[in-house]
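For the sequence shown, the numbering used here assigns the number 82 to the initial residue and increments by one for each residue that follows.
We treat Cβ as the ideally placed atom computed from N, Cα and C, and that holds for glycine.
One structure below.
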Amino acid sequence: MKNAIRFFTKSKKGNTKKLADAVSEATGLEALDVSADLAENVDTLILINAMYAANIDKEVKEFLARNKEKIGQVVNMNTAASGASTWKAVSKVTDELGIALSEKEFHCAASWIFINKGLPSDEDFTRAKEFARSITGT
Ligand SMILES: Cc1cc2nc3c(=O)[nH]c(=O)nc-3n(C[C@H](O)[C@H](O)[C@H](O)COP(=O)(O)O)c2cc1C
């Protein structure tokens, strides 16, 4: 099975990059940001993103549009200050593009400005690693 990671991080805290680095460590896959198009077809794309203004960022949407032919399925992993998931926002885009989106997903609460200091926690990163390993079988 061929798998890949792509992430998009926006805030100075870099929560999504930290999550992507943890998933990379757990799976042995390189954590690249969404400016890097897929070099080859993948069975599973682990898409690591965050909620901004109750949506996902347009860079994530554009990455999916550019690479849709190369993606077998997307597995969504994300953070939000509210602790809500971006899965619905991602599914809107994947549905439009005809990309399969796994029902399996990971999300956790994260820091934003003055709230949720210290999140994701060490426990969140551990859970994220376990989730990613369960997806890739590593
Ligand atoms: C511009 C901006 C808008 C955000 N909007 C929301 C939001 O609508 N709902 C929410 O729960 N969190 C929101 N957040 C919080 C982020 O989802 C959270 O801080 C996330 O971990 C950011 O990831 P990053 O550090 O990789 O950019 C927002 C953060 C930023 C920077």
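DSSP three-state assignment for residue i, whether helix, strand or coil
| i | result |
| --- | --- |
| Phe206 | helix |
| Ile152 | strand |
| Ser183 | strand |
| Ile196 | strand |
| Asp124 | strand |
| Thr167 | coil |
| Leu145 | helix |
| Ser105 | helix |
| Ile137 | coil |
8 Å CB neighbourhood of residue i in its chain, flanking five on each side removed
| i | result |
| --- | --- |
| Lys91 | Thr97, Ala131, Tyr133 and Asp138 |
| Arg147 | Asp118 |
| Lys198 | Ser192 |
| Trp168 | Asn157, Asn159, Leu182, Glu186 and His188 |
Beta-bridge pairing of residue i - partner residues as DSSP gives them
| i | result |
| --- | --- |
| Met132 | DSSP output for Met132 lists no bridge partner at all. |
| Leu113 | Arg87 |
| Met158 | Ile129 and Phe187 |
Best match in the options for proximity to residue i [C-alpha to C-alpha]
| i | options | result |
| --- | --- | --- |
| Glu177 | Ala101, Pro201 and Glu143 | Glu143 |
| Met82 | Leu200, Lys149 and Thr108 | Thr108 |
| Ser163 | Ile196, Val171, Glu150 and Ser172 | Ile196 |
| Glu150 | Ala103, Phe212, Glu140 and Val123 | Val123 |
| Gly95 | Thr207, Ala165, Ile194 and Lys210 | Ile194 |
| Ala165 | Phe212, Ala135, Gly179 and Ala213 | Ala135 |
Cβ neighbours of residue i in the same chain (closer than 7 Å, five flanking residues each side left out)
| i | result |
| --- | --- |
| Ala101 | Ile86, Phe88, Ala112 and Ile129 |
| Asp205 | Cys189 |
Residue i: CB within 7 Å of a non-hydrogen atom of ligand 2
| i | result |
| --- | --- |
| Trp193 | Only ligand 1 can be found as ligands here, which leaves ligand 2 out of the picture. |
Contacting residues, own chain, Cβ-Cβ under 6 Å from residue i (five flanking each side not counted)
| i | result |
| --- | --- |
| Gln154 | Thr125, Ala181 and Ser183 |
| Val174 | Lys142 and Leu145 |
| Lys210 | Ala103 and Ala107 |
| Thr217 | Asn84 and Thr108 |
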